[in-house]
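Participant: Take 2 as the starting number for the sequence shown in my numbering and just add one per residue. Ideal placement from N, C-alpha and C gives every residue a C-beta, glycine not left out.
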Amino acid sequence: MDPTAAGVTTTESVPPRARIFVVEDHPLTGPAIQQVLAMDGFEVDLAGTLARARARFEVAPPAGRSWSRSVVPRPDFRC
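1) Which of the three DSSP states, helix, strand or coil, is assigned to Arg55?
2) For Val37, does the three-state DSSP call read helix, strand or coil?
3) Is it true that the CB of Val23 sits closer than 8 Å to the CB of Ala48?
4) Would a C-beta distance cut-off of 8 Å place Ala39 and Val45 closer than the cut-off?
5) Can you tell me where the beta strand (DSSP E) with Val60 in it begins and where it stops?
6) Leaving out five residues on either side along the sequence, give the residues of the same chain with a beta carbon under 7 Å from the beta carbon of Ile34.
7) Which residue comes first and which comes last in the beta strand (DSSP E) that contains Glu44?
What follows is the structure in structure tokens.
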């Protein structure tokens with residue numbers, strides 16, 4: 002069956018702007034950050050702990066790519 006005839010539209014796969022590792026262990030905040038960044042065209046790898054993020058970072062990047070490290074500290078909202 003033709004997907005267009007069934008009302009299904011397809012889009013070409015666009016390569017992500019960048020791959021981002023997000024370290025956030027909160028069950029609501031992490032997925033929300035992931036969703037917002039994905040809407041902006043980023044490939045997001047959600048890691049619950051810094052150790053998991055480091056392990057994923059250390060894996061060889063895809064051919065022809067490299068990683069850059071940047072750490073964004075979590076703001077301290079305690080008063």
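Facilitator: Quick answer:
1) As a first step, residue 55 must be located in the sequence shown, where it is residue number 54. Helix, per DSSP.
2) Translated into positions along the sequence shown, residue 37 becomes position 36. When secondary structure is reduced to three states using DSSP, Val37 falls in the helix class.
3) As a working mapping, residue 48 is identified with position 47 in the sequence shown. As a working mapping, residue 23 is identified with position 22 in the sequence shown. Contact: yes.
4) To locate residue 39, count along the sequence shown from 1; it is residue 38. To locate residue 45, count along the sequence shown from 1; it is residue 44. Less than 8 Å separates the beta-carbon of Ala39 from that of Val45.
5) Locating residue 60 in the sequence shown gives position 59, counting from the first residue. No beta strand (DSSP E) contains Val60, which DSSP labels as neither H nor E.
6) Mapped onto the sequence shown, residue 34 falls at position 33. Taken in chain order, the residues that qualify are Val23, Glu25.
7) Residue mapping note: residue 44 aligns to position 43 of the sequence shown, counting from 1. Looking at the DSSP string, the run of the beta strand (DSSP E) that includes Glu44 is 44–48.
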